[in-house]
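**Q** Going by the working numbering, the residue at position 338 of the sequence shown is 338; the numbering climbs one at a time, nothing skipped.
Cβ atoms here follow ideal geometry from the backbone N, Cα and C, with glycine treated the same way.
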Amino acid sequence: MKHFDYEEEFHSRDRKQFRKERKIAQKTDRSKFKKTDLEVKSEETAHHLQRGRVISITGEGAFVDFGEKTVLCSLKGLMKKEMGQVKNLLAVGDWVRCNDDGAIEQVEERISVLGRTDISGRKEQLIAVNVDQVIITVSVVNPPLKPALVDRYLIAAEKGRIHPIIAINKIDLLENGDEEEKTFYSEFLAAYEPLGVPIISLSSEKQIGLDALRSLLQHKTSVFSGQSGVGKSSLLNAIFGFELKVGELAVKTAKGSHTTTSAELIPLPGGGYCVDTPGIRSFGIWDLSKSEVISHFTDFARFSKKCKYPDCMHLNEPECAVQKALEKGTLHPHRYASYITLLEEAASGSKPTTWS
Ligand code: GDP
Ligand code: ZN
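1. Pop quiz: His332 and Ala191 are said to be a contact at Cβ under 8 Å. What is the actual Cβ separation, rounded to whole angstroms?
2. I need the boundaries of the beta strand (DSSP E) containing Ala157, first residue and last residue.
3. Taking only the alpha-carbon atoms, compute the straight-line gap between Ile104 and Asn316 and give it to the nearest angstrom.
4. Smallest Cα separation from Asn169: which of Ile155, Glu205, Glu180 and Ser186?
5. Name the one or two DSSP bridge partners that Glu124 has.
6. Just checking: is the beta-carbon of Ser233 within a distance shorter than 8 Å of some beta-carbon in chain C?
7. Using a threshold of 8 Å, state whether the C-beta atoms of Gly77 and Val64 are closer than that.
8. Nearest-angstrom Cα distance between Leu288 and Asp172?
9. If we ignore side chains and look at the alpha-carbon of each, how far apart do Gly93 and Glu327 end up?
10. What is the chain-ordered set of residues for which the beta carbon lies under 6 Å from any non-hydrogen atom of the ligand ZN?
11. Over what stretch of residues does the beta strand (DSSP E) that includes Ser201 continue unbroken?
12. Classify Asn142 as buried or exposed, calling it buried when 16 or more other Cβ atoms lie within 10 Å of its own Cβ.
13. Among the residues of its own chain, which have a CB less than 7 Å from the CB of Val357, if the five just before and after it don't count?
14. Suppose you measure from the CA of Gly247 to the CA of Thr70; what does that come to, to the nearest Å?
15. Just to confirm my understanding: we take His334, look at its own chain, exclude 5 residues before and 5 after, and list those with CB closer than 7 Å. What are they?
16. Bridge partners of Glu264, per DSSP?
17. Need the endpoints of the beta strand (DSSP E) that Asn237 sits in, please.
18. Checking 8 Å against the spacing of the C-beta atoms, do Glu181 and Val140 come in under that value?
19. So the alpha helix (DSSP H) Pro333 belongs to, where does it begin and stop?
20. Comparing C-alpha positions only, which one of His219, Thr221, Leu202 and Lys220 sits nearest to Ala212?
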């Protein structure tokens, strides 16, 4: 099934519009003279620019919140040439300045970004920007826990200056689950707790852990991200009484619906914001280096100090203390497997890995 990408659609329409406007401008602008700096400046100040925040992006434009009102704004004032290696010019959470015609003219510098490698592997796709924390949402049993995906998010969060929180949903499924699932879950906790990242176990269905998550979200801007079907929308609905669409069906019949296919910044009752993102099929870290992978695995440090070579990569080197710890069981196999996956990914130019 081809995934319908609203952002793709948005930008291709925007390109067409841009070309059309340029043509008209070329026809009507008969001035052969370059404007002086002074003229340009006075034109800028004559423009009344209003500051607002991008809350969602659709095929028609970007919805910008100006406080007292939300306006559908166009991107036609933005300079395409500034895009460089970024796939999307604008992302949910951006602070922008719009003119009286509802065209976005400026995008403010971003405090933080959650990005990933786009499907072509050549550009960075911004998921959300100017957020305080990312709620790395995973589930047990269905879909099963994927430690390497969690590590990808942890690295992306660190690179993007975002505080990570790991939310494990659907723990009610462990009650009747087999022993293997239960062991995998407790091993995951044992392997990831030493990293010092907050981990919350939840069930939106059985109302477990919801108060703890609510208090972490209050007065912050959080982005919920994770594989499709882990229960991001269900959690937000259970905590805040929202009515976000739940279940696979919403994704499959997404043609008419924006809510499940593009991210949206939602104000939270009691203060704060959250971004509900569309379910991801893949998550590749943009511009990942081997040294970033090595420095992410801080829990290896207590072993790697004893490796024979100071630059040991813990692969096939002799007298590698990390490999020894793995054999002895003092280093968790989850952690080592994730390390190898990410090292390979860094070596291959961080091509996205498909998860479902
Ligand atoms: P999203 O794609 O991450 O937003 O996930 P949804 O919120 O749409 O949920 C996907 C499916 O998981 C739905 O069928 C939900 O009913 C189910 N689900 C969500 N939370 C839980 C939970 O805590 N326990 C169980 N057993 N199922 C859940
Ligand atoms: Zn080593």
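**A** The short version:
1. 4 Å
2. From DSSP, Ala157 is part of no beta strand (DSSP E) but of the alpha helix (DSSP H) over Pro147 to Lys159.
3. 53 Å
4. Glu205
5. Val86 and Thr117
6. No chain C is part of this structure, which consists of one protein chain only.
7. no
8. 35 Å
9. 46 Å
10. Ser304, Cys307, Cys312, His314, Glu317, Cys320, Ala321 and Val322
11. Ile199 to Ser201
12. exposed
13. Because the chain spans 1 through 356 in this model, residue 357 falls outside it and cannot be assessed.
14. 28 Å
15. Pro147, Glu187, Phe188 and Ala191
16. Ser56 and Asp276
17. Premise fails: Asn237 lies in the alpha helix (DSSP H), Lys232 to Phe240, not in any beta strand (DSSP E).
18. yes
19. Pro333 to Ala347
20. Leu202
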